[in-house]
Amino acid sequence: MSWCRRALARGGLVATAHTLHHTLKLGRDELETLRLPVDLLDRFPRWKEGSRAGFLPPPRFATLDPAGAALPLGPIRLQLTESSGAARLVLPLLRGLEVALDPGTPI
Numbered sequence: 858m859s860w861c862r863r864a865l866a867r868g869g870l871v872a873t874a875h876t877l878h879h880t881l882k883l884g885r886d887e888l889e890t891l892r893l894p895v896d897l898l899d900r901f902p903r904w905k906e907g908s909r910a911g912f913l914p915p916p917r918f919a920t921l922d923p924a925g926a927a928l929p930l931g932p933i934r935l936q937l938t939e940s941s942g943a944a945r946l947v948l949p950l951l952r953g954l955e956v957a958l959d960p961g962t963p964i
């Protein structure tokens, strides 16, 4: 299954699912057997076309307490593996997050 993890890291969920569906005629159940996150894939109504258009974010069940905004966030620790391929996507996001956070919140 390492080929599947590599495909997801390189191409993304929609591209990988679309390729497997188009090339091997795999359906949702087969993709789930391959351990693709089909619950997330269901949020992309046009994945069979290879399109991420129309993404439907999941409903929010939790909300932030406004009183919590007055408390400092504290240190944030994240661990990324180089082999996952996520580092190249996450690091630019963290740089932007660091600019938006209070100076006392180290990452």
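With this note's numbering, letter number 55 in the sequence shown gets 912, and the count goes up by one each step, no holes. Just so you know, even glycine gets a beta-carbon here, dropped at the ideal spot from N, CA and C.
Exposed unless 16 or more other CB atoms sit within 10 angstroms - verdict on residue i
i	result
VAL956	exposed
TRP860	exposed
THR920	exposed
Span separating the alpha-carbon of residue i from that of residue j
i	j	result
VAL895	VAL871	10 Å
LEU913	PRO902	8 Å
LEU891	SER908	21 Å
LEU881	GLU887	10 Å
GLY942	LEU950	14 Å
GLY868	LEU883	17 Å
Assigned secondary structure, residue i (DSSP; H/G/I helix, E/B strand, else coil)
i	result
ARG862	helix
PRO842	In this structure the chain extends from 858 to 964, so residue 842 is not present and cannot be described.
LEU897	helix
ALA919	coil
PRO873	It is worth fixing the name first, because residue 873 is Thr in this sequence and not Pro. Helix at THR873.
ARG885	helix
Short Cβ contact (8 Å threshold) for residue i with residue j
i	j	result
GLY961	PRO916	no
HIS879	TRP904	no
LEU954	ALA944	no
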